[in-house]
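Taking the working numbering, I'd label the letters of the sequence shown as residues 57 to 848. Quick reminder that beta carbons are idealized off the backbone N, C-alpha and C, glycines included. Scroll down for the structure; my scribbles are underneath it.
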Amino acid sequence: MEEQLQTEKSELNSLSVKDLFFKYIRFIPWFIISLALALIVAYTYLRYATPVYSSAGTLLIKTDEPSTSDEKLQQLFLTDENQNIQNEMEVLRSRGLLERVVRKLHLETGYMAQGSIRSSNVYKQVPFQLDIFEIADSSRAFSLDIVFDSDSTFTVNGGDQHFKYGALFENSNGVFRLSKIAEGGGKEYVVSWQPARSVAAGLANSLVVGLKTPGTGILLISMEATNPRLAADVINGLMREYEVATIEDKNTNVSNILSFIDVRLDTLNHELDSIQKALLTYREQNNLIDVPTQSTAYFTQTTAVDDQINQQNLQLDLVNLVDQYLRDAQKKYSLVPSSLGLQDPTLNALIQSYNTLEFERKALLDGGTPPGNLVVKQKEEQLEKLRSSLLENLKNIRGAYQQAISELEKKSSFAQSEFRSLPKKAREMLEIQRQADSKLTLANYLMEKREETAISKASTISNSKILEEADVNSIPVKPNRRTVQLFAVLIGLAIPALVIFIIEISNDKVTTRSDIERITAAPILGEVGHSFSGETLVATSTSRGMVAEQFRIIRSNLQYIIGSLAKPTILTTSSFSGEGKSFISTNIGAVMALAGKKTVVLEFDIRKPKIMAGLGLQQHTGITQYLLGRAQAADLPVAVPGYENFYVIACGPVPPNPAELLLEKRVAELFAWLKEHFDVILIDTAPVGMVSDALTLAQFADATLYIVRQGHTFKKQVGLIDELYVQQKLPKLSVIINDVKLKAGYGYYGYGRYGYGYGYGESYYAEETPLPSFRQRLFGWLNPFGRKKKRR
């Protein structure tokens, strides 16, 4: 018997996957319904969901510095510096740049064609155009419902008045006109208007800017929209506007330089004109045409020194100009003009850094960053530090030039002392001439710089290049038909599987044979199927039903338990009431009697006796009366009608102290008398999980049948069986599974374990035919395990 149990357990473990399959396959009708509903929902969603289209373009950001051998020109092209790719990505996503695109494409006005269920975005596919003459409130969005009642007339917002193409109409939103631009079209449209800033915010949410390939300057710009042409136009417009904005930003610095030079040239021209007039007047008044030849040497020396002083004064003026520009509060956050030829590398580097920071601050503000933002404040702090450094550097440069001028003036004084012998008028004329030459030199220098700056402005190019424009993609990316259908299939299968799983894990009742075998090592003697008969005794001499045959198999299996014992006493118990002890005891007694053994069933469930009532027998002198000395043992047995060797002994009146009554010595005398007169004694006792009666009577039993009812006994109560089996509190304990219902998924550990479910329609059993359930009537045609049953 132990070898058989080990074989069965091995078989159980090896077929657990198949068990899991059959456990779920019995619910295939629900899976089919759930899958069908999910696919219907998916079809409806795909049919009526608004399609979303995607478009993408690529933009190259040039990061290399321009290669040129002219250092001055390289300084003039201040904006051709390395670009920060992350900054440029933020600029492309900025609301300010997108507003320019919105206004360029006139996206403030949107057109939707109304369908019976959904609306479609008909950007550039609408047969008319809304001309806006006046808007009541430009900060508020509004919409107009346009319904055409003919090819040329329409109503607005459900009004009664009919308008024609080209006619002005007015409502609370403003003054408008519809212009016809094409033939055809639908009957109903919704024309909406939003402020450009609101439209730009919506576009920014659907715009994606990223590196196409890491480590390169190629950006991939993509966008999803409900109209494929709209997505392509926005991306292409964004890339073009970015190029224009880049050029404008670069020219901002150049324009500031030109403006600065123009102001200084105007001032110098006025000063030069005044000096030249003064020189001419002086010559005319003093009749000075030529300087004596003897002063040529001194003049040459004085002129050379004066030229050097003029150069130093020019540099000093430039320093003062830049210093004055930096100290001007109105130009606090303006670009600082270039060094204009000041040969100081530290100053040039500081000016370049200052202008770079100003560009970055301006880009943040243009991108919609508030002035109070922490990043903007950090940029302003850095600008202030650089401004202080510039002023300090200019102070040092000014000191150097002043010292150089002082040394040159000493040389000039020495040379001028030689001119004392010259006529006073000549010296005064030379002084006026020297002033004129100084102003003229500075003016020529500024004019040269102005031409160079103008050339750089004309040659300014964008730091970006459109590599690939966005194309119109007419294939929607959302909803993805295959993804939705696959998701529907998964949901359709997952929902019933999840429900079944939850039901299974929340089920704390014994359902399958494996539920018992996993908890206890106690052997399972047999299984008794659900009986649809209304009779308690299903095992008769003529019965060929499946349940009756199961009791005969249990009778055979008992031989392994009781062995060669001639007159066995078998105790029947369970965990609690209602698990079928009386039904099992009665029918085992019946099959024993049919085998020719004189059998008696004792109704020892004193608290709730059921055997006599179940057999339809009248109440009779019973066990309690015998134990109280009011009856003899020979008076107790009652023959069961229809059986030759089958008797029962009634419980008798229910006593107030049944547990103590079972401790009477007359109990042992009763069993001794029964051993002499019966071949098999069956004790139907109270549940061991509730009272101690079974444990008290266990001393008189040779074997114990523990009844477990499918769908009724709790799994945790199987632990009590294992405890009783391991501790041997009940003799030779074995389990009988009662009320087993043959279901796909449970049959492998139920009837099918010993072939009980096999043979319908082949005359092995006389079949009991139950009334079909609602589910069987509804889904019987879907049940792959269903068999056509014959009624008898």
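Legend entry - Nearest residue (CA-CA) to Val522, options Thr114, Ile461 and Asp795: In the sequence shown, the residue the question calls residue 522 occupies position 466. Checking the sequence shown, residue 522 turns out to be Ile, not Val. Cα-wise, what sits closest to Ile522 is Thr114.
Inset, instruction - Could you check the C-alpha separation between Ser235 and Val182 for me, to the nearest Å? - result: Position 179 of the sequence shown, counted from the start, is the residue given in the question as residue 235. Position 126 of the sequence shown, counted from the start, is the residue given in the question as residue 182. Going from the Cα of Ser235 to the Cα of Val182 covers about 11 Å.
Inset, instruction - Specify, as a first and last residue, the run of the alpha helix (DSSP H) that Met602 falls within. - result: Within the sequence shown, the letter at position 546 stands for residue 602. Per DSSP, Met602 is one residue of the alpha helix (DSSP H) stretching across Met602 to Ile618.
Inset, instruction - Quick one: grab the DSSP three-state call for Tyr221. - result: In the sequence shown, residue 221 corresponds to position 165, counting from 1. Coil at Tyr221, not helix or strand.
Inset, instruction - Just tell me which of Glu591, Glu605 and Thr598 has its CA closest to the CA of Val584. - result: For this step, residue 584 is matched to residue 528 along the sequence shown. Of the candidates Glu591, Glu605 and Thr598, the one whose C-alpha sits nearest the C-alpha of Val584 is Glu605.
Inset, instruction - Determine, using beta carbons only, whether Ser631 and Asp661 come nearer to each other than 9 Å. - result: The count along the sequence shown starts at 1 and reaches residue 631 at position 575. The count along the sequence shown starts at 1 and reaches residue 661 at position 605. If you check the CB distance, Ser631 and Asp661 do not come in under 9 Å.
Inset, instruction - Give a yes or no on whether the C-beta atoms belonging to Arg233 and Leu200 are separated by under 9 Å. - result: For this step, residue 233 is matched to residue 177 along the sequence shown. For this step, residue 200 is matched to residue 144 along the sequence shown. A distance of 9 Å or more separates the beta carbons of Arg233 and Leu200.
Legend entry - Any 3 or more C-beta pairs closer than 8 Å across the segment 672-684 and the segment 703-719: Counting Cβ pairs under 8 Å, three or more are found: they touch.
Inset, instruction - Starting from Trp249, follow its DSSP beta bridges and name the residues at the other end. - result: Reading the sequence shown from its first residue, position 193 is the one you call residue 249. Paired residues: Thr165 and Phe198.
Inset, instruction - Just confirm the distance between the C-beta atoms of Thr567 and Gln766, as a whole number of angstroms; I'd bet it's less than 8 Å. - result: Working through the sequence shown from its first residue, we reach residue 567 at position 511. Working through the sequence shown from its first residue, we reach residue 766 at position 710. So it is a contact: roughly 6 Å between Cβ atoms.
Legend entry - Paired residues, beta bridge with Asp740 - DSSP: Indexing the sequence shown from 1 puts residue 740 at position 684. Thr628 and Glu659, per the DSSP bridge assignment.
Legend entry - Cα-Cα separation between Ala578 and Ala649, rounded to whole angstroms: Looking up residue 578 in the sequence shown gives position 522. Looking up residue 649 in the sequence shown gives position 593. Cα to Cα, Ala578 sits roughly 27 Å from Ala649.
Legend entry - Coarse secondary structure for Glu720, derived from DSSP in three states: Position 664 of the sequence shown, counting from 1, holds the residue named residue 720. Secondary structure at Glu720: coil, using DSSP grouped into helix, strand and coil.
Legend entry - CA-to-CA distance, Leu593 to Asp749, given in whole angstroms: Working through the sequence shown from its first residue, we reach residue 749 at position 693. Working through the sequence shown from its first residue, we reach residue 593 at position 537. Each residue's alpha carbon lies about 25 Å from the other.
Inset, instruction - Quick one: residues in its chain with C-beta nearer than 7 Å to the C-beta of Thr302, no 5 flanking neighbours on either side, listed in chain order? - result: As a working mapping, residue 302 is identified with position 246 in the sequence shown. Only Ser518, Asn519 and Ser520 meet the Cβ criterion.
Legend entry - Alpha-carbon spacing of Leu55 relative to Asp289, whole angstroms: Since the displayed the chain opens at 57 and closes at 848, residue 55 lies outside it and no answer follows.
Inset, instruction - Pick helix, strand or coil for Tyr816, following the three-state DSSP scheme. - result: Locating residue 816 in the sequence shown gives position 760, counting from the first residue. The predicted position of Tyr816 is uncertain, since its pLDDT is 43 and thus under 50; a value taken from the coordinates is nonetheless stated next. Here Tyr816 sits in coil by DSSP.
Inset, instruction - Could you check the C-alpha separation between Asn613 and Phe77 for me, to the nearest Å? - result: Start at 1 with the first residue of the sequence shown, and residue 613 comes out as number 557. Start at 1 with the first residue of the sequence shown, and residue 77 comes out as number 21. Approximately 30 Å, taken between the alpha carbons.
Inset, instruction - Out of Arg156, Ser208, Ser228 and Asp329, point me to the one whose CA is closest to Gly293's CA. - result: As a working note, residue 293 is residue 237 in the sequence shown. Of the candidates Arg156, Ser208, Ser228 and Asp329, the one whose C-alpha sits nearest the C-alpha of Gly293 is Arg156.
Legend entry - the segment 141-152 / the segment 419-434 touching (three or more Cβ pairs under 8 Å): At 8 Å Cβ cutoff, the stretches touch.
Legend entry - DSSP state of Glu437 mapped onto helix, strand, coil: For the purposes of this step, residue 437 is taken as the residue at position 381 of the sequence shown. Helix, per DSSP.
Legend entry - Simplified DSSP assignment, three categories, for Arg765: Counted from its first residue, the sequence shown places residue 765 at position 709. Three-state DSSP puts Arg765 in a strand.
Inset, instruction - Count the other C-beta atoms from every protein chain shown that fall within 10 angstroms of the C-beta of Val747, then say buried if there are 16 or more, exposed otherwise. - result: The residue given as residue 747 occupies position 691 in the sequence shown. Buried is the call here.
Inset, instruction - Using beta-carbon positions only, say whether Leu6 and Ile640 come within less than 9 Å of one another. - result: With the chain represented from 57 up to 848, any question about residue 6 goes unanswered, as that position is not in the structure.
Legend entry - CA-to-CA distance, Gly240 to Leu134, given in whole angstroms: As a first step, residue 134 is located in the sequence shown; it is residue number 78 there, counting from the start. As a first step, residue 240 is located in the sequence shown; it is residue number 184 there, counting from the start. Any reading at Leu134 needs caution, since the residue's pLDDT is 45, under 50, leaving its predicted position unreliable; the model's value is listed next. CA-to-CA, the gap between Leu134 and Gly240 works out to about 55 Å.
Inset, instruction - Express the C-alpha separation of Gly166 and Phe189 in angstroms, rounding to a whole number. - result: Within the sequence shown, the letter at position 133 stands for residue 189. Within the sequence shown, the letter at position 110 stands for residue 166. In this structure, the CA atom of Phe189 is about 16 Å from the CA atom of Gly166.
Legend entry - Exposed unless 16 or more other CB atoms sit within 10 angstroms - verdict on Arg600: Taking the first residue of the sequence shown as 1, we reach residue 600 at position 544. Counting Cβ neighbours within 10 Å, Arg600 comes out exposed, since fewer than 16 surround it.
Inset, instruction - Would you mind working out which of Ser172, Lys435 and Asp384 sits nearest Glu244, comparing C-alpha positions? - result: The residue given as residue 244 occupies position 188 in the sequence shown. It is Ser172 whose Cα lies nearest to the Cα of Glu244.
Legend entry - Anticipated Cβ contact below 8 Å, Ala759 with Val97, distance rounded: Translated into positions along the sequence shown, residue 759 becomes position 703. Translated into positions along the sequence shown, residue 97 becomes position 41. Taking the Cβ atoms as the reference, Ala759 lies roughly 59 Å from Val97, outside the contact range of under 8 Å.
Inset, instruction - Just the C-alpha distance for Gln459 and Ala492, rounded to the nearest angstrom, thanks. - result: Taking the sequence shown and counting its residues from 1, one reaches residue 459 at position 403. Taking the sequence shown and counting its residues from 1, one reaches residue 492 at position 436. The alpha-carbon separation between Gln459 and Ala492 amounts to approximately 24 Å.
Inset, instruction - Please determine if the segment 548-557 and the segment 89-107 are in contact, where contact requires at least 3 C-beta pairs separated by less than 8 Å. - result: Contact between the segment 548-557 and the segment 89-107 is present, because at least three Cβ pairs lie under 8 Å.
Inset, instruction - Would you kindly work out how many angstroms separate the C-alpha atoms of Asp855 and Asp362, rounded to a whole number? - result: Residue coverage of the chain in this structure runs from 57 to 848, which leaves residue 855 outside it and unanswerable.
Legend entry - Check whether Thr642 and Ile737 have beta carbons under 9 Å apart: For the purposes of this step, residue 642 is identified with residue 586 of the sequence shown, where counting begins at 1. For the purposes of this step, residue 737 is identified with residue 681 of the sequence shown, where counting begins at 1. Their beta carbons are not under 9 Å apart, which means Thr642 does not touch Ile737 by this criterion.
Inset, instruction - Classify Ser570 as buried or exposed, calling it buried when 16 or more other Cβ atoms lie within 10 Å of its own Cβ. - result: If you number the sequence shown from 1, residue 570 lands on position 514. Taking a 10 Å sphere around the C-beta of Ser570, we find 16 or more other C-beta atoms and assign the residue as buried.
Inset, instruction - Could you have a look at Asp126 and say whether DSSP puts it in helix, strand or coil? - result: Counting from 1 along the sequence shown, the entry for residue 126 is found at position 70. The pLDDT assigned to Asp126 is 41, lower than 50, so where the model puts this residue is not dependable; a value taken from the coordinates is nonetheless given after this. Annotated three-state conformation of Asp126 is coil, per DSSP.
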